Amino acid sequence: MLLRNIGLLFVLPIAKKCSMSNNQRNEERNANRHVPQPDPMVSNSNTEKDPDEWVTGDEPMTGAQKSYLKTLSDEAKVEFDENLTKADASKRIDELQHKTGRGLNN
Numbered sequence: 007m008l009l010r011n012i013g014l015l016f017v018l019p020i021a022k023k024c025s026m027s028n029n030q031r032n033e034e035r036n037a038n039r040h041v042p043q044p045d046p047m048v049s050n051s052n053t054e055k056d057p058d059e060w061v062t063g064d065e066p067m068t069g070a071q072k073s074y075l076k077t078l079s080d081e082a083k084v085e086f087d088e089n090l091t092k093a094d095a096s097k098r099i100d101e102l103q104h105k106t107g108r109g110l111n112n
């Protein structure tokens, strides 16, 4: 009987692992890891950086910018310029968001 009980000591932890979902295993694995959080008093976000200071600001606008800018331009009933740079597209998006109210967190 003693041998049978000792065998269960080895089987139970394995059975527990097998019955856990991937999410449960990840939660257990990550339970003691510290994930640093940004300091709310320090703004290092590139969404706050002036587009004129962007290193890649003179490159053509991204596909996402182009798509969103087209939507905003249509909604604002203004001409869409597909040849803007990343920086100029960002400024135009801000301008049209204020004009249309779309995308603003009021």
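If you read the sequence shown in this note's numbering, its first letter stands for residue 7, the second for the next number, and so on. Beta carbons are placed, not taken as given, at the ideal position from N, Cα and C, and that holds for glycine. Every value quoted in this text rests on a predicted model; they were computed, and no experiment measured them.
DSSP lists 91 as the bridge partner or partners of residue 66. Sequence-distant Cβ neighbours of residue 64 in its own chain, meaning closer than 6 Å and more than five residues away, are 91.
Contact check for residue 106 and residue 75: beta-carbon distance about 12 Å, past the 8 Å limit, so the pair fails to qualify. In the structure shown, the three-state DSSP call for residue 59 is helix. For residue 111, the three-state secondary structure derived from DSSP is coil. In the structure shown, residue 76 falls within a helical segment according to DSSP collapsed to helix, strand and coil. Ranked by how close their Cα comes to the Cα of residue 67, the residues 102, 81, 98, 59 have 98 in first place. Under the three-state reduction of DSSP, residue 85 is assigned to coil, being neither helix nor strand.
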